[in-house]
Amino acid sequence: MPVRQEQQSAPILSLGFSPCPNDTFIFDALIHGRVDCGFRFREQLEDVETLNRMALESVLDVSKVSYHLLGHILKDYLLLRSGGALGRGCGPLVVARGQVDPATLAGKRVALPGRYTTAALLLRLFNPTLTDFVYLPFHEIMAAVADGSVAAGVIIHESRFTYQEYGLHKVLDLGEWWERETGHPIPLGGIAAKRSLGREVLLRLEQGIAESVEYAFGHPGEARPYIRAHSQEMSDEVCDAHIGLYVNDFSRGLGSEGEAAVRLLLGRAAAAGIIPPWQDPLLIF
Numbered sequence: 000m001p002v003r004q005e006q007q008s009a010p011i012l013s014l015g016f017s018p019c020p021n022d023t024f025i026f027d028a029l030i031h032g033r034v035d036c037g038f039r040f041r042e043q044l045e046d047v048e049t050l051n052r053m054a055l056e057s058v059l060d061v062s063k064v065s066y067h068l069l070g071h072i073l074k075d076y077l078l079l080r081s082g083g084a085l086g087r088g089c090g091p092l093v094v095a096r097g098q099v100d101p102a103t104l105a106g107k108r109v110a111l112p113g114r115y116t117t118a119a120l121l122l123r124l125f126n127p128t129l130t131d132f133v134y135l136p137f138h139e140i141m142a143a144v145a146d147g148s149v150a151a152g153v154i155i156h157e158s159r160f161t162y163q164e165y166g167l168h169k170v171l172d173l174g175e176w177w178e179r180e181t182g183h184p185i186p187l188g189g190i191a192a193k194r195s196l197g198r199e200v201l202l203r204l205e206q207g208i209a210e211s212v213e214y215a216f217g218h219p220g221e222a223r224p225y226i227r228a229h230s231q232e233m234s235d236e237v238c239d240a241h242i243g244l245y246v247n248d249f250s251r252g253l254g255s256e257g258e259a260a261v262r263l264l265l266g267r268a269a270a271a272g273i274i275p276p277w278q279d280p281l282l283i284f
């Protein structure tokens, strides 16, 4: 679909998200002008922990961030209701070389996919006595566990579908633990936007991202080239499984259930001293 003349002259906002299939699926229509919220976007595709650190420095206007990191940036950013990853059966996994009791990991080194990831937050909430962490890019964690560099690792993204190829075993599903503990779906990552953009712009962004999600669901084939351009090492089957796991109705909009889950996660993190308490509004009102 060609970009209309009014889109060509629209203001440009910087937008960060990961190259993972769920994010490229969600943002394809917005980036390529298939939906129009009155802005053009300069996209920056980075791994989630890089995006987290960029958000800490307030680099991007709009960015996918871990919900853990969101708790550290609420003075400057708020959460958009659309475009995020939140659901059931999609949480991070703890893997090890054999069948290991999670209680025996105390005092042992565990690999995490970034200091500010929700995976790191969930593990700390699950067992606050774990303190010996090494932070690695998410795609390096399985190899580190397999070669014995660490006793266990927390894996995310497409690693959920491939860890058995490394001879690893699932020790714990942190998403299942959270759902059993709270009854809520697990909030993994959301879209943060600068408060300084103003309410009107923020509402247009929120609606535009929701429309981009709807367009992707309605025209899945149109996003395929963009998805494959950034996930060439994955098979089509893994790409489709990734999208199916992380893109759902909560990606269209959090709704009351999703919002309650986010508030509970951040509340527990603040109570544990992992993120600071906050008073600024979380969402656009």
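Under numbering that gives the first Met the number 0, think of the first position of the sequence shown as 0, with each following residue one higher. Here a beta-carbon is modelled for each residue, glycine too, at the ideal position from N, C-alpha and C.
**Q.** Complete runs of the beta strand (DSSP E) confined to the stretch 2-63 [at least 3 residues]
**A.** 11-16, 39-44
Q | Through-space distance from residue 38 to residue 100, alpha-carbon basis | A | 51 Å
Q: Give the DSSP-derived three-state secondary structure of residue 182 in the structure shown.
A: coil
Q | Best match in 79, 156, 64 for proximity to residue 203 [C-alpha to C-alpha] | A | 79
Q: Assign residue 140 to buried or exposed, taking buried as 16 or more other Cβ atoms, counted over all protein chains shown, within 10 Å of its Cβ.
A: buried
Q. Are residue 183 and residue 260 touching if we call contact CB-CB under 8 Å?
A. yes
Q) Between the beta-carbon of residue 66 and the beta-carbon of residue 189, is there less than 8 Å? A) yes
Q. With distances taken from CA atoms, which of 186, 111, 177, 103 is nearest residue 138?
A. 111
Q | Contiguous beta strand (DSSP E) assignments of at least 3 residues, all confined to the stretch 127-198 | A | 132-134, 151-154, 168-172, 185-193
Q. Based on the DSSP secondary-structure assignment, which residues constitute the bridge partners of residue 86?
A. 185
Q) When the Cα atoms are used, what is the spatial distance from residue 55 to residue 49? A) 10 Å
Q) Does the beta-carbon of residue 243 have 16 or more other beta-carbons within 10 angstroms, so that it is buried, or is it exposed? A) exposed
Q. For residue 11, which residues from the same chain have a beta carbon less than 8 Å from its beta carbon, with the 5 sequence-adjacent residues on both sides left out?
A. 38, 39, 40, 41
Q: Could you tell me if the beta carbon of residue 10 falls within a distance shorter than 7 Å of some heavy atom in the ligand ATP?
A: The ligand ATP is absent from the structure shown, which contains no ligands of any kind.
Q) What residue does the alpha helix (DSSP H) around residue 268 start on, and which one ends it? A) 254-270
Q.
Is it the case that the stretch 151-159 contacts the stretch 206-218, given that we only count it when at least three CB pairs across the two stretches are under 8 Å?
A. no
Q: Whole angstroms is fine: what's the gap from residue 47's alpha carbon to residue 272's?
A: 22 Å
Q | Three-state class that DSSP yields for residue 0 in the structure shown | A | The predicted position of residue 0 is uncertain, since its pLDDT is 46 and thus under 50; a value taken from the coordinates is nonetheless stated next. Note: residue 0 maps to coil in three-state DSSP.
Q. What are the partner residues of residue 65, as DSSP defines its beta bridges?
A. 188
(Q) Considering Cα atoms alone, identify which of 18, 77, 34 is closest to residue 279. (A) 77
Q: Please confirm whether residue 68 and residue 13 have their CB atoms less than 8 Å apart.
A: no
Q: Flag this pair as yes or no: are the beta carbons of residue 246 and residue 153 separated by less than 8 Å?
A: no
**Q.** Opening and closing residue of the beta strand (DSSP E) in which residue 105 lies
**A.** Careful: residue 105 lies outside any beta strand (DSSP E) and carries neither H nor E.
Q) How should residue 224 be labelled, buried or exposed, when 16 other C-beta atoms within 10 angstroms of its C-beta is the threshold for buried? A) exposed
Q: Please check the pair residue 207 and residue 36, which I expect to be a contact at CB under 8 Å, by giving their CB distance rounded to whole angstroms.
A: 3 Å
Q) Going along the chain, which residues of its own chain have a beta-carbon closer than 6 Å to the beta-carbon of residue 2, five neighbours each way excluded? A) Interpretation of residue 2 is limited by its pLDDT of 49, a score under 50 that renders its predicted location unreliable; the figure taken from the coordinates is listed afterwards. Excluding residues within five positions, the ones whose Cβ falls inside 6 Å are 32.
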